[in-house]
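The structure under discussion appears below in the form of structure tokens.
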Amino acid sequence: MAHGQMTHIEIPADDLPRARRFYSELLGWEISDMPEFANYPLFSFGEIKSAGGALGLRGKTVGNQLRVYFDVDSIDAVLPNVSKLGGKVVEAKTEIPGMGWYAVIDDTEGNQVALYQSMPRPAM
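Heads up: the sequence shown at position 81 corresponds to 81 in the working numbering, and the numbers run straight through without jumps.
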């Protein structure tokens, strides 16, 4: 792992079973308990080929708070499930020209996260 690379995310929850259901059903995460860490179920994204981010002006070029983006195969397939699972769509699917699409959601615990779908790469 490279120095400075993100290694772990903690998502605050008031109701762990509710949060666990939301993320496992929405994003397909496998979430497991570790007896040595009570009330701290762990999930894994698997191997990450590349990751990055951006710095921006608060409330202008980025949101007002830290925002984590989760990759999805299809935002259109995932967004209808957000409200069914108790979350809320905050920003609808929006195109990032030449790159893909994103949408911002509130999870069941009041955390704001984003979904990201890449545009298909042209065949070479």
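Even glycine gets a Cβ: it sits at the ideal position worked out from N, Cα and C.
| What span of residues does the beta strand (DSSP E) with Ile105 cover, start to end? | Gly100 to Asp106
| field | Cα-Cα separation, Asp15 to Glu109 | value | 7 Å
| request: Please classify Ser24: does DSSP put it in a helix, a strand, or coil? | output: helix
| field | Nearest-angstrom Cα separation, counted from Thr94 out to Glu30 | value | 28 Å
| field | First through last residue of the beta strand (DSSP E) which encompasses Val90 | value | Lys88 to Ile96
| said: Spatial neighbours of Met6 within its chain, please: C-beta separation below 7 Å, excluding the five flanking residues on both sides. | reply: Ala51
| Thr61 to Glu10, Cα distance in whole Å? | 25 Å
| task | Answer yes or no: do Tyr40 and Ala114 have a C-beta to C-beta separation smaller than 9 Å? | result | no
| query | From Asn81 to Ile48, what does the alpha carbon distance come to, in whole angstroms? | reply | 25 Å
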